[in-house]
Ligand code: RIB
Ligand code: CA
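Residue numbers (our numbering): 1 to 314.
Written as structure tokens, this is what we have:
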């Protein structure tokens, strides 16, 4: 099988971590590097967390820290959701390797430049690194095969009534990405809030019984603690849907749409405004994921953690 070369970019974050556990277990993907961005927590914390996650799952690829703050706005962090560390909950191993000298955007640019084939970017945090890459190296746009992102929401927000966290943290970056002409698949809240892992599912994941399974169950329990009082029936594993879109698209329902990012609105800054019915006559610039087969998604997560066998590494 021809593997898909990918770079994972995120702000771990419990759901970023689970997305990376899933990605690392999939034979279709060739993970070339991991990069981090400020978002759920500060860049220092998300980068430290990334090092711990890679150590846990035995993913031995370059890890580079990226942009610590949005292009224009001040950084918003989410300690109420992910904790002071950004990945509160289970004990984790220390990072097995140092981060590389290169900054994330430099690393992405070097990998794109030297690759014989275009590379897929998978941002699951604010889009600051991706937008910075597009601004600094427009010549490399053709080497970006596709952007599978978690962010936005056509029908809802989760940080304000109108805006989802990743987009709201850096709306200018998101605007650059959606206007770039690079193919974008958007896993927004419309679908990610259906990607719920319920208490009984967490129990099944935990009972797989290896280190990775137990830690993923611990992350899910922590993540559910924030969501349960808000009426969620489970932990919404937002970021993992971006991985599902690459490896099991048949579990999803998608809709081509022209999406604009609101930059000015007093109440709506950071909203992803999707022309659902094509009223504007604009060529769609995003494939928006709208539904997921939740039960199949749970089986995918269980299969993934089971692939790590006894002990941490696969
Ligand atoms: O709104 C959900 C998104 O914000 C997820 O990517 C989560 O990790 C946070 O970054
Ligand atoms: Ca994230």
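Yeah, the Cβ is synthetic: ideal placement off N, Cα and C, and Gly gets one too.
Using DSSP with H/G/I as helix, E/B as strand and the rest coil, what is residue 269?
The sequence position of residue 269 within the chain shown is 269, counting from 1. Coil.
State buried or exposed for residue 135, treating a residue as buried only when at least 16 other CB atoms are found within 10 Å of its CB.
Here residue 135 corresponds to residue number 135 of the chain shown, with the count starting at 1. Flag for residue 135 reads exposed.
With contact counted as at least three CB pairs below 8 angstroms, one residue from each stretch, are the segment 175 to 191 and the segment 103 to 118 in contact?
Short answer: they don't touch.
Which residue comes first and which comes last in the beta strand (DSSP E) that contains residue 252?
Here residue 252 corresponds to residue number 252 of the chain shown, with the count starting at 1. Counting along the chain, the beta strand (DSSP E) containing residue 252 begins and ends at 252 to 257.
In this structure, does DSSP put residue 314 in helix, strand or coil?
By 1-based counting over the chain shown, the position of residue 314 is 314. Below a pLDDT of 50, predicted positions are generally treated as unreliable, and residue 314, at 41, falls in that range; no measurement from the model is reported.
Taking buried to mean at least 16 other C-beta atoms within 10 Å of its own C-beta, is residue 41 buried or exposed?
Residue 41 sits at position 41 when you count from the first residue of the chain shown. Counting Cβ neighbours within 10 Å, residue 41 comes out buried, since at least 16 surround it.
Would residue 245 and residue 257 be called neighbours here (beta carbons separated by less than 9 angstroms)?
Along the chain shown, read from residue 1 onward, the residue named residue 245 stands at position 245. Along the chain shown, read from residue 1 onward, the residue named residue 257 stands at position 257. Contact: no.
What I want to know is whether the C-beta of residue 15 ends up closer than 8 angstroms to one or more non-hydrogen atoms of ligand 2.
Taking the chain shown and counting its residues from 1, the one referred to as residue 15 is at position 15. Yes, since a heavy atom of ligand 2 falls inside the 8 angstroms radius drawn around the Cβ of residue 15.
Is residue 45 buried or exposed, if buried means 16 or more other CB atoms sit within 10 Å of its CB?
Walking along the chain shown from the start, residue 45 turns up at place 45. Label assigned to residue 45: buried.
So is the beta-carbon of residue 192 under 8 angstroms away from any non-hydrogen atom of ligand 1?
Counting from 1 along the chain shown, the entry for residue 192 is found at position 192. Yes, since a heavy atom of ligand 1 falls inside the 8 angstroms radius drawn around the Cβ of residue 192.
Which one of 76, 199, 212 has the shortest CA to CA distance from residue 17?
Taking the chain shown and counting its residues from 1, one reaches residue 17 at position 17. Closest option to residue 17, Cα to Cα, is 212.
Assuming residue 201 contacts residue 298 under a Cβ cut-off of 8 angstroms, what Cβ separation, rounded to an integer in Å, is found between them?
Start at 1 with the first residue of the chain shown, and residue 201 comes out as number 201. Start at 1 with the first residue of the chain shown, and residue 298 comes out as number 298. Contact flag correct, Cβ pair sits at about 5 angstroms.
Between which two residues does the beta strand (DSSP E) containing residue 63 stretch?
Position 63 of the chain shown, counted from the first residue, corresponds to residue 63. Here the beta strand (DSSP E) through residue 63 covers 63 to 65.
Alpha carbon to alpha carbon, how far is residue 195 from residue 252? Give it in angstroms, no decimals.
For the purposes of this step, residue 252 is identified with residue 252 of the chain shown, where counting begins at 1. For the purposes of this step, residue 195 is identified with residue 195 of the chain shown, where counting begins at 1. Roughly 11 angstroms between the two C-alpha positions.
Say yes only if the C-beta of residue 186 is nearer than 8 angstroms to one or more non-hydrogen atoms of ligand 1, and no if none qualify.
In the chain shown, the residue the question calls residue 186 occupies position 186. Not under cutoff, so the answer is no.
Here's the rule I'm using: 16 or more other beta-carbon atoms within 10 Å means buried, otherwise exposed. How should residue 97 be labelled?
Along the chain shown, read from residue 1 onward, the residue named residue 97 stands at position 97. Exposed: under 16 other Cβ atoms inside 10 Å.
Just tell me which of 28, 8, 123, 107 has its CA closest to the CA of residue 174.
Translated into the one-based positions of the chain shown, residue 174 becomes position 174. When each option's Cα is compared against that of residue 174, the closest is 123.
First and last residue of the alpha helix (DSSP H) that includes residue 128?
Reading the chain shown from its first residue, position 128 is the one you call residue 128. Residue 128 -> alpha helix (DSSP H) spans 128 to 136.
How many Å lie between residue 31 and residue 25 at the Cα?
For the purposes of this step, residue 31 is identified with residue 31 of the chain shown, where counting begins at 1. For the purposes of this step, residue 25 is identified with residue 25 of the chain shown, where counting begins at 1. Their Cα atoms are separated by approximately 10 angstroms.
Per DSSP, what kind of secondary structure is residue 249 in: helix, strand or coil?
Counted from its first residue, the chain shown places residue 249 at position 249. Note: residue 249 maps to helix in three-state DSSP.
Thinking C-beta only, is residue 167 closer than 9 angstroms to residue 270?
As a first step, residue 270 must be located in the chain shown, where it is residue number 270. As a first step, residue 167 must be located in the chain shown, where it is residue number 167. Their beta carbons are under 9 angstroms apart, which means residue 270 touches residue 167 by this criterion.
Under 8 angstroms: does the beta carbon of residue 238 sit that close to some heavy atom of ligand 2?
What you label residue 238 is simply residue 238 of the chain shown in a count that begins at 1. Residue 238: yes, Cβ under 8 angstroms from ligand 2.
Counting only the same chain and skipping the five closest in sequence on each side, list residues whose C-beta sits under 6 angstroms from that of residue 306.
Along the chain shown, read from residue 1 onward, the residue named residue 306 stands at position 306. Here the set comprises 208.
Any contact between the segment 148 to 159 and the segment 107 to 117? By contact I mean 3 or more CB pairs, one from each, below 8 angstroms.
These segments do not touch.
Let's see if you can read the secondary structure: which residues bound the alpha helix (DSSP H) around residue 287?
Looking up residue 287 in the chain shown gives position 287. Residue 287 -> not in any alpha helix (DSSP H); beta strand (DSSP E) instead, spanning 286 to 292.
At a threshold of 8 angstroms, does residue 265 count as lining ligand 1 (C-beta to nearest heavy atom)?
For this step, residue 265 is matched to residue 265 along the chain shown. Every heavy atom of ligand 1 is 8 angstroms or more from the Cβ of residue 265, so no.
Would DSSP call residue 145 helix, strand or coil?
Here residue 145 corresponds to residue number 145 of the chain shown, with the count starting at 1. Looking at residue 145 - three-state DSSP - the assignment turns out to be strand.
Can you tell me the Cα-Cα spacing of residue 248 and residue 21, whole angstroms?
If you number the chain shown from 1, residue 248 lands on position 248. If you number the chain shown from 1, residue 21 lands on position 21. Near 15 angstroms, if we compare the C-alpha coordinates of residue 21 and residue 248.
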